[in-house]
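*Asks:* Before anything else, here's the structure in question.
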Amino acid sequence: MLKYEFIDPDCQLDSQDFKFVESFLSATGRTQLGWHYITDITWIYSQAKLWPRNLHILDAGGGHGPVQFLLAEMGFGVTNIDMALFEVPVAYNRRYHTKLEVLPSFTPTAYMDLLGGGKTKLVTQRIKKLIKSTSIYANWSTHKYVSTHDRWRSMSECTETPLGTLQWKIGNLCRMPEIADASFDAVVSLSAWEHIPYDILGAALSEIRRVLKPDSKWAVTTSATEKSETWWHEPSQSNCFSVTDLENIFAARRSSSQEPENILEKYRHCQYLKDNLADFYRKSGKYGMPWGVWDPTYIPVGFSE
3 MLKYEFIDPD CQLDSQDFKF VESFLSATGR TQLGWHYITD ITWIYSQAKL
53 WPRNLHILDA GGGHGPVQFL LAEMGFGVTN IDMALFEVPV AYNRRYHTKL
103 EVLPSFTPTA YMDLLGGGKT KLVTQRIKKL IKSTSIYANW STHKYVSTHD
153 RWRSMSECTE TPLGTLQWKI GNLCRMPEIA DASFDAVVSL SAWEHIPYDI
203 LGAALSEIRR VLKPDSKWAV TTSATEKSET WWHEPSQSNC FSVTDLENIF
253 AARRSSSQEP ENILEKYRHC QYLKDNLADF YRKSGKYGMP WGVWDPTYIP
303 VGFSE
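This is the structure in structure tokens:
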């Protein structure tokens with residue numbers, strides 16, 4: 003049976019794992035993240051660092067997020083299945099042998115508009131894609147990416163571990179018939195499953211479990227609440243799951259005596275997270291911290307086996 007715990011920001015920020023994760027994010031230019039992502043990633047890393055490096059990991063809804071790259075740098079083979087993936091940068095192909103596949107069963111959904119940021123962002127992405135398609139840019143960006151990550155590895159504990167691999171598949175987690183049963187040894191996810199519509203979440207979880215091997219490893223984070231019922235956070239278009247749903251829908255049991263109200267208060271008073279809030283929050287009323295006003299209203303929660 004799965005276990006869940008409310009991710010305590012004080013415990014994460016005081017850990018050696020945090021220093022490792024922070025060094026990776028800082029050295030590789032991945033600091034503009036969700037307001038609680040660094041505590042989530044630290045928690046995910048604290049689980050994954052104990053896993054054998056020959057595991058094949060599913061990053062379920064990984065998008066362009068940092069966890070897949072951290073795991074590949076640690077030596078894991080990672081497959082990221084997400085609806086919002088685009089052309090693979092040359093640097094990823096060069097370093098992780100990344101290739102992009104569109105699962106034949108995939109059909110676009112209305113939720114992709116949120117993931118893609120709408121038509122304006124799509125035009126911007128096309129312009130950037132045109133620039134990045136030039137050989138001069140590809141060579142420059144690849145050299146920069148490889149040298150930056152090599153430099154970080156030389157200072158980290160990953161130096162003796164061969165690089166892993168990363169594959170991208172465009173697909174819907176609710177329906178992946180092309181993926182065989184028991185294909186993966188482990189699953190990770192960084193704050194993604196709360197965006198799955200509530201009425202089809204059960205189907206997505208069943209499909210994810212189908213492609214996992216028995217006794218698979220888990221390091222998955224999502225959003226929870228101290229309230230008695232699950233509620234919808236409109237700015238970020240996400241569910242905040244109640245204890246009842248964490249236990250019934252996810253079939254998990256609480257692994258500690260933490261009180262969610264106390265954890266939420268810790269986030270509200272976490273100066274590090276407040277001081278390092280990403281710039282994009284201040285420019286929009288969307289996402290998890292509208293207009294950059296520090297007011298956490300939901301709680302990161304982690305699932306492990």
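Its first residue numbered 3, the sequence shown is counted upward by one per residue in my numbering. Just so it is clear, CB atoms sit at the ideal spot from N, CA and C, and this is done for glycine as well.
1) State whether the region 203 to 216 contacts the region 153 to 168, with contact taken as three or more CB pairs (one from each stretch) at a distance under 8 angstroms.
2) Among 102, 281, 302 and 152, which has the Cα closest to the Cα of residue 33?
3) DSSP has residue 58 in a bridge; who is on the other side?
4) Going by C-alpha distance, which of 29, 25 and 148 is nearest residue 44?
5) Grab me the residues of residue 81's own chain with a C-beta within less than 6 angstroms of its C-beta, minus the 5 sequence neighbours each way, in chain order.
6) DSSP on residue 35, reduced to helix/strand/coil?
7) What residues are listed by DSSP as bridge partners for residue 304?
8) Within 8 angstroms, do at least three Cβ pairs link the region 179 to 199 to the region 221 to 230?
9) Can you give me the start and stop residues for the alpha helix (DSSP H) that residue 151 sits inside?
10) Quick check: residue 94 and residue 256, are their CB atoms within less than 8 angstroms of each other?
11) Determine the direct distance from the alpha carbon of residue 40 to that of residue 274, and round the result to whole angstroms.
12) Can you check whether the CB of residue 37 is closer than 8 angstroms to the CB of residue 266?
13) Excluding sequence positions up to five away, which residues of its chain have a Cβ less than 8 angstroms from the Cβ of residue 180?
14) What would DSSP say about residue 260, mapped onto helix, strand or coil?
15) Quick one: complete alpha helix (DSSP H) runs, 4+ long, within the region 188 to 225?
16) With distance defined between alpha-carbon atoms, name the residue in 218, 196 and 157 nearest to residue 184.
17) Just to confirm before moving on: does the CB-CB distance between residue 57 and residue 71 stay below 8 angstroms?
*Replies:* Let me spell this out:
1) The answer is no - the region 153 to 168 does not touch the region 203 to 216, with fewer than three Cβ pairs under 8 angstroms.
2) When only C-alpha atoms are compared, the closest one is 281.
3) Answer is 79, bridged to residue 58.
4) Nearest C-alpha to residue 44: 25.
5) So the list reads 60 and 169, once near-sequence residues are dropped.
6) Coil, per DSSP.
7) Looking at the DSSP assignment, residue 304 forms a beta bridge with 7 and 223.
8) Touching, yes.
9) Taken as a continuous stretch (DSSP letters only), the alpha helix (DSSP H) holding residue 151 covers 137 to 157.
10) No.
11) Between the C-alpha atoms of residue 274 and residue 40 there is a straight-line separation of about 10 angstroms.
12) No, Cβ-Cβ distance for residue 266 and residue 37 is not below 8 angstroms.
13) For residue 180, same chain residues with a beta-carbon under 8 angstroms away, outside a window of 5 residues either side, are 105, 106, 107 and 173 in chain order.
14) Coil, per DSSP.
15) Within the region 188 to 225, the alpha helix (DSSP H) runs of at least 4 residues that lie entirely inside it are, in chain order, 203 to 213.
16) Among 218, 196 and 157, the Cα nearest to that of residue 184 belongs to 218.
17) When the beta-carbon positions are compared, residue 57 and residue 71 stay at least 8 angstroms from each other.
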